[in-house]
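Everything below concerns the one structure shown next.
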Amino acid sequence: MQNVATFTVYNASAGSGKTYTLVKEYLKVVLRTENAFAYQQILAITFTNKAAAEMKERVLKSLQDFTERKESELLNILISELTLNEEIIRNRSTKILHAILQNYSAFQITTIDSFTYKIIKSFSFDLGVSQNFEIELNANDLLSQAVEVIISRIGIDTNLTKLLVAYTLGKTDEDKSWDISRELCEFSNVLLNENDAVHFKKLHTKTVDDFLVLNKHILTSQKKIKKRFKEVGREGLEIIDAKGLSHKDFYCALLPKHFSALADTVEKANFFDASKLKVRIEENIFYAKAVAVATKNAIEEILPKLIKLYLESENLYKQYMLNKLVMESVVPLAVLNQINEALQTLKEEQNIQLNAEFNQLIYENIKEQPAPYIYERIGQKFTHYFIDEMQDTSVLQWQNLLPLIQNSLSQENTSLLLVGDAKQAIYRWRGGKAEQFMALGSEEKHTQNPFFVSKKVKKLAYNYRSYSEIINFNNSFFKHCSGYMRNDAYKSLFLHTSHQKETDKKGGYVHLSFLEKSGQKEENDVKYAKKVFGTIQDLKVSFSLNDICILVRTKKEGVIIANYLSEKGIKIVSSETLLIQNSHCVNFIINLLGYSLQPTNNDALFECLYFLHEHIPVPKNKHSFFKRYVHLGQEKLFEELKKHEIHFDLSIFKRLPLYEKVEYIIRSFRLLKTSDAHVQFLLDEVLLQQGKDATIRDFLDFWEREKKNISIVASKDSDAVQVMTIHKSKGLEFPVVIFPCDLDIYKQPPSKIWLTKLPEEKFSGFEEFLVNYKKEIAILSENGEQIHIKEQDQLELDNINLLYVALTRAEEQLYIITEKGFPKNQKKSQKYSDFYTNYLIEKSIYDPEKEEYSFGTPNREREKEVSQSKLSYQKKYINTPWQDHHIHILGSSSVLWDTKDAIDYGNLIHELMAKIYTASDVVNVVNSYKVRGMLNNEEAFEIQSIIEKMVTHKKLKNYYIPHLEVYNEREMITRDNQIVVPDKLVIFPNEEVVIIDYKTGKPSEDHHHQLLKYQEAIQSMNYTVVKKILIYISNEIGMEEF
159 MQNVATFTVY
169 NASAGSGKTY
179 TLVKEYLKVV
189 LRTENAFAYQ
199 QILAITFTNK
209 AAAEMKERVL
219 KSLQDFTERK
229 ESELLNILIS
239 ELTLNEEIIR
249 NRSTKILHAI
259 LQNYSAFQIT
269 TIDSFTYKII
279 KSFSFDLGVS
289 QNFEIELNAN
299 DLLSQAVEVI
309 ISRIGIDTNL
319 TKLLVAYTLG
329 KTDEDKSWDI
339 SRELCEFSNV
349 LLNENDAVHF
359 KKLHTKTVDD
369 FLVLNKHILT
379 SQKKIKKRFK
389 EVGREGLEII
399 DAKGLSHKDF
409 YCALLPKHFS
419 ALADTVEKAN
429 FFDASKLKVR
439 IEENIFYAKA
449 VAVATKNAIE
459 EILPKLIKLY
469 LESENLYKQY
479 MLNKLVMESV
489 VPLAVLNQIN
499 EALQTLKEEQ
509 NIQLNAEFNQ
519 LIYENIKEQP
529 APYIYERIGQ
539 KFTHYFIDEM
549 QDTSVLQWQN
559 LLPLIQNSLS
569 QENTSLLLVG
579 DAKQAIYRWR
589 GGKAEQFMAL
599 GSEEKHTQNP
609 FFVSKKVKKL
619 AYNYRSYSEI
629 INFNNSFFKH
639 CSGYMRNDAY
649 KSLFLHTSHQ
659 KETDKKGGYV
669 HLSFLEKSGQ
679 KEENDVKYAK
689 KVFGTIQDLK
699 VSFSLNDICI
709 LVRTKKEGVI
719 IANYLSEKGI
729 KIVSSETLLI
739 QNSHCVNFII
749 NLLGYSLQPT
759 NNDALFECLY
769 FLHEHIPVPK
779 NKHSFFKRYV
789 HLGQEKLFEE
799 LKKHEIHFDL
809 SIFKRLPLYE
819 KVEYIIRSFR
829 LLKTSDAHVQ
839 FLLDEVLLQQ
849 GKDATIRDFL
859 DFWEREKKNI
869 SIVASKDSDA
879 VQVMTIHKSK
889 GLEFPVVIFP
899 CDLDIYKQPP
909 SKIWLTKLPE
919 EKFSGFEEFL
929 VNYKKEIAIL
939 SENGEQIHIK
949 EQDQLELDNI
959 NLLYVALTRA
969 EEQLYIITEK
979 GFPKNQKKSQ
989 KYSDFYTNYL
999 IEKSIYDPEK
1009 EEYSFGTPNR
1019 EREKEVSQSK
1029 LSYQKKYINT
1039 PWQDHHIHIL
1049 GSSSVLWDTK
1059 DAIDYGNLIH
1069 ELMAKIYTAS
1079 DVVNVVNSYK
1089 VRGMLNNEEA
1099 FEIQSIIEKM
1109 VTHKKLKNYY
1119 IPHLEVYNER
1129 EMITRDNQIV
1139 VPDKLVIFPN
1149 EEVVIIDYKT
1159 GKPSEDHHHQ
1169 LLKYQEAIQS
1179 MNYTVVKKIL
1189 IYISNEIGME
1199 EF
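Here it is as C-alpha cells:
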C-alpha cells in the first residue's frame, strides 16, 4: 500500500524521551515493510558521536529483544501503532537484524559531520579537491602554521611588516605581550566560524594596500570631522553671545555646555543616552521657568539655528564613531585576511581539508545539483530522514540537506522527522540558530514549512527524568521568566512550551540559597565554593559523591570550585583535574625533552632537577642538589645521575624515534612502577604526532598549544563529584545538581560583529567590516540599531536557555546558589538572581531577611546504591624495549613475494591500481609502497614494469590519460540492495561508461558474470555501458573485451 509523504516535528523539552521516540519511529519504518533492507534508505542524523552510538545501540538492542522473544513495552506499542501481530514483528526483526549485521556500513545512524564528509568525498573531483585528501580535525595546528608563515614574511614584505608592527604596537598599548604569535592563533579562530565564512569570502580580493588606503582615508576623515566639531561649537557659542545671553539662561546650561565641549574636544561632549540634552530637546525644554520673558524670546529667536547645529553635531558624531569602530579594526582584520590567504595555501600544499569548512563548501558548490545526482554520487538514496537536536543544526547544514529531503518528500512512502527544543539551543557560536527550529516547530499556519507536505507538530509532554518537585518548580519558574523577555517570539517559547507533565516519580527537592555580596573579588569567588562544600557535606549522608554534579558557566569558575573542594579532601572529576599537564611525571618528560633539545634552557633544567630531587630521593637539601648539578652540562649531568641508578644515555636517546624517546625516558628514570593514565595518554598523543613525522620541536610546539585541552578519560565508576560546564552537561542527567551562578543576561562578553551596509564611498570600497561589538553601534544608523537590538535579544535567549539547561539536568535534587540582591522593579530582571527574587515575590514567599528557600523535602526518593566497579585495572606499568623481546621484523614484501601467494599478490595489485588514475601516477604509487617496506627495490622494479606494460598497452592506454572522469573502487548499490565495487570506471561526456576489472588468476566465466552485475548497477543510473574489459595481470598482460 502506498502512503503519502509525512513531515513531523517533535518539540522535546528536557527529559521528555526524545531518543526513545526516535528509536520507536525508526523501528516503525523498518518493521512496516517486508523489505529487510529498508534500513538502507533511512538517514538518521544526530549531533554527536555519543548520541549516534546510543541510538544505534538502542535500535539493535530492541531488534535483538524482539528476535529473542523478550518481553518489551516498546514491542506492545509497536504492535498497537503498526497494527501488526507479534509474530510478524518478531520475524521481521530477525531478518532486519541479520541484514544490518551483514552490511553494517549501510546502517546510517550518523553525525551530521560524517554525512557531510561523505558528500565531500563523493564530489571531490567536482570541487577541485584531491580525491585522497586528509581531514584535519585540529584546525589550530594549521592556523598556527599559517601564523608562522605570516610572521616569517616580516622584513620581506614591506606592507605586511608595517601592518604587523602596527598590530604589535596596538597590543602593547593595551598592556599585552609584544609576542603576538599566540594571540594571532587565538584571534584567527574566527576564520573557522561558519557564520563568518561568507563575510571573509567577500574580503579575499582585498590586499594589504587596500587596508592601508582605507586606514589613511579614515584618518583624513576623522581630522575633518574633529575640525568641524570645533567650528560647530564656536558657531553655537557665538550665536548665544551675540544675543547677550548667559549660559545660565538656558535650562541647566545644557546647550551652551554642549557647544563649549565641542569647541574644546569632542571627547568631552555627551550624545544620545549619555546626554540629558537629547531628552530635553525632545521634551522642548530649553530654559528655566523663572527666566524673564525677554530672555525666553531671545532664546526662542536663536533656537532654530542652535538646534540645527546640534543636529549637525549628532550626525557628525555618528560618522565619527563609525570611523572609530572601523579604524580600530583595520589592522586586525587586515592581518586576519593575510592569515586566511596563508591558510588556503597550506591546505593546498598539504592536501588537507578542514572539517570546519565542509558545510560552506557544500553550500557553495553542491547544493544546486539535482538531488538524484547527489544520491547517485554518494551511493545511497534515502527516503526517510530523522534529524535529532534540530535546534543545534546550523543554518548551512539545514540548507544543504533541504534539496535531498525535498526530493524524497515529493514521492510516496517517504518521511521527515525533526526532534529538537529551542529552549536548549546553546550553540549559537557554532552556527546553531534557535529561531530556525522555533519556526519549524511552530503550529501556526504562517510559520516556516519548506516542503509541499503538510506539517504535523507534536509535543513530548512528559518529563521522565526528574521528580515532581523539580518539574513543578521549573514549570512555574520559566513561565515566570517569560514575562520579562523583551522579544515576543522568545517570550512565547517559554510561556507555551516549557510546561511538562509529571510521571509517577513523586517527590524531589529544590533548594535556593542567596549569598551576601563580598567586597573583595577573591572572597566573592570563594564564597560560592564554600557554600558548595557545605552542601556536599550535607548530601554525603544520602548520596554517593558520583551522584553529584556541579554545573558552572565557565571553566574558570569550575577551577575555583574544584581547587577549593580538593583542598577540603573532596574527590573531584572535572575537565581541569583530568588534564594530563597536571601530572608531575608528564611535566618532567616534557621538560626533559625541552632540555635535550636546548641545553641552555635553564627553566627546563630547573624543573627537571626539582622533580628528580623528590623522585630519587636524595638526602641533600634542594639548594645543595641544584648547586651541584645545574652547571654540569648535559653529558656530565647524566653521567653523575648514574650514581643514583639513573642510566640515561644521551647518544642512544638521540637515535630513537620520538615515541621510543619518551619510553626511554620513562624506563631510564624509573618514572612508573604502576600504570599511570596521565602518562599513557601522553604516549598516545606522542604516537599520533609521530605519525605526522613530528620532531621533538614539533611535539613541544604542539604541547604548548594543546596542553590545556588534552585530558584523560575518567571512569563513570569513580566515586568523585563531577564539575562541568553547562555546555558539556547538555544531554546528561544527574541525581543531584548544584548550580552556583549569577549572571547579567544582557552583559555582552567581548565579541565581534560584522557591520554591514557601509557606505562604500566613505570606506574605500569596503561594504562590511568586522568590528568590536559596543552598545554605541545602536546610534550609528538604523541598521546599527537593528544589529544592536538583535544582539541583545539573542543574548537574552541564549542566557535564559543556559539557565534552562542547567536547571533541568537534575533527577532528584536541585541546589541553586546565587547572589543576594534587592527586589528590583518587577518589570525588569537583569540577572539570574533577579529572576529568582522576583519569582519568590510572585509566589508571596519572599523575605528580605531570609537567605534559604526550599520546595519539597530533602529525603532521598531512591535508596543509596553501593556501586561496585565492574572494571579491572592494569596495575603494573609494562615498558620493555622491543629489542628485548627478540622480535625479528620482516618486510611484508619478502613474505608476499617469497611465498608467491596468489591471493596476497592480487590484493597488492588491486591496492596499487586503486591509487593509479593516469600513467603518470605509476612511479609515485610504487615508490610509496617501496618506502613503506611493502616492496624492496627488485620487487618494485618488477611490479612497476608489469603495471607500465598495462597502462601503455595499445588497447588500454587511452583509459589512463589525464582529464578523464575516473572512479577507482567506488561503491555502487544494485537493484537488490547489494553493494558492488568495480575496479575502474571511465565515464565519457556523453554518459557512456567503460568498466575495467583487474584479475591475477586464470580466466573464468564468473568474471564475466561479475562485470554484468556491475553493468546492471550502472545502467540503473541512466548510463550506457559501451565496453567491459577484463585485464589479467601476470608477467604478460592479457585482456578480454565484451
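Numbering (our numbering), first residue to last: 159 to 1200.
Glycine included, C-beta positions come from ideal geometry on N, C-alpha and C.
As the structure is a computational prediction, the values presented were derived from the model and not from experiment.
C-alpha distance - residue i paired with residue j, whole-angstrom precision
i	j	result
Glu919	Met479	17 Å
Glu1127	Lys1073	9 Å
Pro1120	Glu1100	25 Å
Leu830	Val844	17 Å
Gln1102	Val837	45 Å
Lys714	Thr252	52 Å
Gln952	Trp587	11 Å
Asn1193	Thr541	49 Å
Lys186	Ile200	12 Å
Glu244	Ser634	43 Å
Asn558	Leu1066	38 Å
Ala163	Leu575	11 Å
Gly1208	Leu1070	No information on residue 1208 is available, as it lies outside the stretch 159 to 1200 that the chain covers here.
Asn682	Arg386	48 Å
Phe631	Arg438	46 Å
Val1139	Ser263	14 Å
Ile383	Glu934	18 Å
First and last residue of the uninterrupted alpha helix (DSSP H) at residue i
i	result
Leu928	Leu928 -> not in any alpha helix (DSSP H); beta strand (DSSP E) instead, spanning Phe927 to Asn930.
Glu715	Lys713 to Glu725
Ser809	Leu808 to Arg813
Trp861	Ile854 to Glu864
Val187	Lys176 to Leu189
Asp951	Glu940 to Leu965
Beta carbon of residue i nearer than 8 Å to that of residue j
i	j	result
Ile270	Gln555	yes
Ser887	Cys707	yes
Leu1169	Lys1185	no
Glu212	Arg623	no
Asp299	Phe860	yes
Val710	Thr883	yes
Leu372	Val488	yes
Glu969	Pro893	yes
Phe165	Lys689	no
Leu180	Leu240	no
Asn957	Ile896	no
Val366	Gln496	yes
Ile247	Phe224	yes
Tyr1004	Leu961	no
Boundaries of the beta strand (DSSP E) in which residue i is found, first to last residue
i	result
Tyr1011	Glu1010 to Gly1014
Phe897	Phe892 to Pro898
Ser732	Ile730 to Ser732
Leu1188	Thr1182 to Ile1191
Glu977	Ala968 to Glu977
Quiz prompt | Those runs of the alpha helix (DSSP H) which lie wholly inside the segment 666-702 and span at least 4 residues | solution = 679-697
Quiz item: Given 8 Å as the limit, is there contact between the segment 919-930 and the segment 728-736, that is, 3 or more CB pairs closer than that?
Solution: no
Exercise. Scan the segment 391-478 and note each continuous alpha helix (DSSP H) run of 4 residues or more that stays entirely inside, going in chain order.
Key: 412-422 and 434-441
Quiz prompt | Secondary structure, alpha helix (DSSP H): runs of 4+ residues fully inside the segment 515-586 | solution = 516-523, 529-536 and 553-567
Quiz item: If we count Cβ pairs, one from each stretch, closer than 8 Å, do we get three or more for the segment 362-372 versus the segment 400-413?
Solution: no
Quiz prompt | Cβ contact (3+ pairs, closer than 8 Å) linking the segment 661-678 and the segment 991-1010 | solution = yes
Quiz item: Does the count of Cβ pairs from the segment 925-945 and the segment 908-916 closer than 8 Å reach three?
Solution: yes
Exercise. Enumerate, from N- to C-terminal direction, the unbroken alpha helix (DSSP H) stretches of 4 or more residues contained entirely within the segment 199-225.
Key: 207-225
Quiz item: If you pair each beta-carbon of the segment 424-433 with each one of the segment 445-465, do three or more pairs fall below 8 Å?
Solution: no
Quiz item: Should the segment 224-239 be called in touch with the segment 191-199, which here means at least 3 C-beta pairs below 8 Å?
Solution: no
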